[in-house]
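**Student:** Under my numbering, the first residue of the sequence shown is numbered 53, with each subsequent residue one higher.
Cβ coordinates follow ideal geometry from the N, Cα and C atoms, glycine included.
Take a look at the following structure, please.
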Amino acid sequence: MKIKILISCLFISGFGFSQSHKATLSKIEKDGFHKIAISSEIRSASQDNLAYFRILDKSKKEIPFANFDNAHHNSLLFQKLDVLSKTRSKDSITSIIVSQKDLKNVTELSLVISNTTINKAYSISGCNNQQDWFGLVSNQTLNDLTNANGTSISKSIILPRNNYKFLRFDFNDKNSLPINVLEIGYYKGGRKDIETTYLTDFKYKISEDKKNKKSIITFISNNFQRVDGISFDVKTKLFLRNASVFVNSTRKVRTRKENFKLEVSSFNLNSNASNVFQLNGFFEKEFTIEIENQDNQPLEISKIKVFQNTVSILADLKANEKYEVIIDSTLSQPNYDLANFTQNISTELPEA
Numbered sequence: 053m054k055i056k057i058l059i060s061c062l063f064i065s066g067f068g069f070s071q072s073h074k075a076t077l078s079k080i081e082k083d084g085f086h087k088i089a090i091s092s093e094i095r096s097a098s099q100d101n102l103a104y105f106r107i108l109d110k111s112k113k114e115i116p117f118a119n120f121d122n123a124h125h126n127s128l129l130f131q132k133l134d135v136l137s138k139t140r141s142k143d144s145i146t147s148i149i150v151s152q153k154d155l156k157n158v159t160e161l162s163l164v165i166s167n168t169t170i171n172k173a174y175s176i177s178g179c180n181n182q183q184d185w186f187g188l189v190s191n192q193t194l195n196d197l198t199n200a201n202g203t204s205i206s207k208s209i210i211l212p213r214n215n216y217k218f219l220r221f222d223f224n225d226k227n228s229l230p231i232n233v234l235e236i237g238y239y240k241g242g243r244k245d246i247e248t249t250y251l252t253d254f255k256y257k258i259s260e261d262k263k264n265k266k267s268i269i270t271f272i273s274n275n276f277q278r279v280d281g282i283s284f285d286v287k288t289k290l291f292l293r294n295a296s297v298f299v300n301s302t303r304k305v306r307t308r309k310e311n312f313k314l315e316v317s318s319f320n321l322n323s324n325a326s327n328v329f330q331l332n333g334f335f336e337k338e339f340t341i342e343i344e345n346q347d348n349q350p351l352e353i354s355k356i357k358v359f360q361n362t363v364s365i366l367a368d369l370k371a372n373e374k375y376e377v378i379i380d381s382t383l384s385q386p387n388y389d390l391a392n393f394t395q396n397i398s399t400e401l402p403e404a
């Protein structure tokens, strides 16, 4: 379905609109670069693809923009991990082994990947001798691997806290070509907490699978949404439960396609923790969470919140000017010079 619309409520703040529902970015108080946070509504309507997004001035000329998150990353120090080996097995598994012996209690790493439209399944294991490997992450998926403002993208991967000296990333190439992982590392130096936006459109229902001793939580939204995380308020006093997140997917089996549940993330609900989880992001209107109760009573859950990591752009705007914003799926990825100069722009910007 083609999207060629003008939306009246695109951004978190700063917008007005006429009766024709043409969005205008106004309230610009001074000349210069501004930070603009993109709302969940526009991300849903644009299929979470900034390639379809444009800012126009009063003469209908495009105003260049760049991803603010990339500018923020450029202001930090990216520490590359040493890649010890990169191999591809007969089973169509690409394995990359890195050394993290100088790190302690690692919970997040970043992969720099060449742009691709491929979704890639991966698993991660750790060890201290490069022989005896132990599982950390199983059958997760990297998606949305396209940066509208460059030729590569940085993707964060959440890990269980660990202190292994070595990590092995196994990428499943059975159903697609390999992806080009350029670097693996982490950002160092005053990184800010991830900004998030709660998604109020998702409604959920909790049911019990008594036979398999599981609680099933089904989430449904009217529209596709980018989901990056989830939080739980649990009344039960003492608990430690494994939980997995599933989305509906299809796969080819010989000459036919079949539907199946794809596990995209897993985590542990723990009475001694905050129970706020960053997930491996996905773009869906329905998903489920399965909680393994074993021989315990189901958790008494009082509230669940779904959120997405806020995406912001930066653009050079003029005071008192009005700008129009459009989404058009016939557009291709813009290539603005600005993307090459974000490292020279302060990350402390006024918000439009």
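With respect to the alpha helix (DSSP H) encompassing Arg95, which residues constitute its N-terminal and C-terminal limits?
**Tutor:** Numbered from 1 along the sequence shown, position 43 holds the residue referred to as residue 95. Arg95 -> alpha helix (DSSP H) spans Ser92 to Ala97.
**Student:** Let me check one thing: in DSSP terms, what residues is Phe334 bridge-paired to?
**Tutor:** Here residue 334 refers to the residue found at position 282 when the sequence shown is read from its first residue. Paired residues: Val279.
**Student:** What would DSSP say about Thr394, mapped onto helix, strand or coil?
**Tutor:** Stepping through the sequence shown from its first residue, residue 394 is reached at position 342. Correct three-state label for Thr394: helix.
**Student:** Applying the criterion that 16 or more other CB atoms from any shown protein chain within 10 Å of the CB defines a buried residue, is Ala404 buried or exposed?
**Tutor:** Counted from its first residue, the sequence shown places residue 404 at position 352. Looking at its Cβ environment, which holds 16 or more other Cβ atoms inside 10 Å, Ala404 is buried.
**Student:** Looking at the secondary structure, which residues open and close the beta strand (DSSP E) in which Ser147 lies?
**Tutor:** One-based indexing of the sequence shown puts residue 147 at position 95. Ile145 to Ser151 is the extent of the beta strand (DSSP E) around Ser147.
**Student:** With a cut-off of 8 Å, do at least 3 Cβ pairs link the stretch 280-293 to the stretch 182-189?
**Tutor:** Judged by Cβ distances under 8 Å, the stretch 280-293 makes no contact with the stretch 182-189, as fewer than three pairs qualify.
**Student:** Going by DSSP in three states, Asp389 sits in which element: helix, strand or coil?
**Tutor:** If you number the sequence shown from 1, residue 389 lands on position 337. Here Asp389 sits in helix by DSSP.
**Student:** With a threshold of 7 Å on Cβ separation, who are the neighbours of Ile165 within its own chain once the five nearest residues in sequence on each side are excluded?
**Tutor:** Taking the first residue of the sequence shown as 1, we reach residue 165 at position 113. Result list for Ile165: Leu197, Ser204, Ile205, Lys207, Ile231, Asn232, Val233 and Leu234, in chain order.
**Student:** Use the C-beta contact count for Asn320: other C-beta atoms within 10 angstroms, 16 or more gives buried, fewer gives exposed.
**Tutor:** Position 268 of the sequence shown, counted from the start, is the residue given in the question as residue 320. Exposed, by the Cβ-count rule.
**Student:** Figure out for me which residue from Ser141, Ile149 and Phe393 has the closest Cα to the Cα of Arg220.
**Tutor:** Looking up residue 220 in the sequence shown gives position 168. Nearest of Ser141, Ile149 and Phe393 to Arg220, Cα basis: Ile149.
**Student:** CA-CA distance, Asp109 and Leu369?
**Tutor:** Walking along the sequence shown from the start, residue 109 turns up at place 57. Walking along the sequence shown from the start, residue 369 turns up at place 317. Roughly 9 Å separates the two Cα atoms.
**Student:** Might you give, ordered along the chain, the residues of its own chain that have their beta carbon closer than 6 Å to the beta carbon of Leu383, omitting 5 neighbours on each side?
**Tutor:** Along the sequence shown, read from residue 1 onward, the residue named residue 383 stands at position 331. Excluding positions up to five away in sequence, the list reads Tyr104.
**Student:** Roughly how many angstroms lie between the CA atoms of Asp222 and Ser141, to the nearest whole one?
**Tutor:** Residue mapping note: residue 222 aligns to position 170 of the sequence shown, counting from 1. Residue mapping note: residue 141 aligns to position 89 of the sequence shown, counting from 1. If you take the alpha carbons of Asp222 and Ser141, they lie about 10 Å apart.
**Student:** Going by beta-carbon coordinates alone, are Lys82 and Ala371 separated by less than 9 Å?
**Tutor:** Position 30 of the sequence shown, counting from 1, holds the residue named residue 82. Position 319 of the sequence shown, counting from 1, holds the residue named residue 371. Yes, these two residues count as a Cβ contact at 9 Å.
**Student:** Hey, how far is the Cα of Val276 from the Cα of Glu338?
**Tutor:** Stepping through the sequence shown from its first residue, residue 276 is reached at position 224. Stepping through the sequence shown from its first residue, residue 338 is reached at position 286. Per the sequence presented here, residue 276 reads as Phe, with Val not at that position. Cα to Cα, the separation comes out at about 8 Å.
**Student:** In whole angstroms, what separates the C-alpha of Val328 from that of Lys172?
**Tutor:** Your numbering for residue 328 matches position 276 in the sequence shown. Your numbering for residue 172 matches position 120 in the sequence shown. Whole-angstrom Cα-Cα distance: 25 Å.
**Student:** Considering only the alpha carbon of each residue, which of Ser91, Ile258 and Phe393 lies closest to Lys355?
**Tutor:** Translated into the one-based positions of the sequence shown, residue 355 becomes position 303. Among Ser91, Ile258 and Phe393, the Cα nearest to that of Lys355 belongs to Ile258.
**Student:** Do you know offhand how far Glu260's Cα is from Thr394's?
**Tutor:** Within the sequence shown, residue 260 is the residue found at index 208, counting from 1. Within the sequence shown, residue 394 is the residue found at index 342, counting from 1. In a straight line, the C-alpha of Glu260 is about 50 Å away from that of Thr394.
**Student:** Distance check for Asn167 and Val158, CA to CA, integer angstroms please.
**Tutor:** If you number the sequence shown from 1, residue 158 lands on position 106. If you number the sequence shown from 1, residue 167 lands on position 115. Answer to the nearest angstrom: the Cα atoms are 26 Å apart.
**Student:** For Val135, which option in Ile236, Asp285, Ile343 and Asp225 has the closest C-alpha, if you only look at C-alpha atoms?
**Tutor:** Locating residue 135 in the sequence shown gives position 83, counting from the first residue. Among Ile236, Asp285, Ile343 and Asp225, the Cα nearest to that of Val135 is on Ile236.
**Student:** With a Cβ-Cβ cutoff of 9 Å, do Val279 and Ile90 count as a contact?
**Tutor:** As a position in the sequence shown, residue 279 is number 227, starting the count at 1. As a position in the sequence shown, residue 90 is number 38, starting the count at 1. The answer is no: Cβ separation not under 9 Å.
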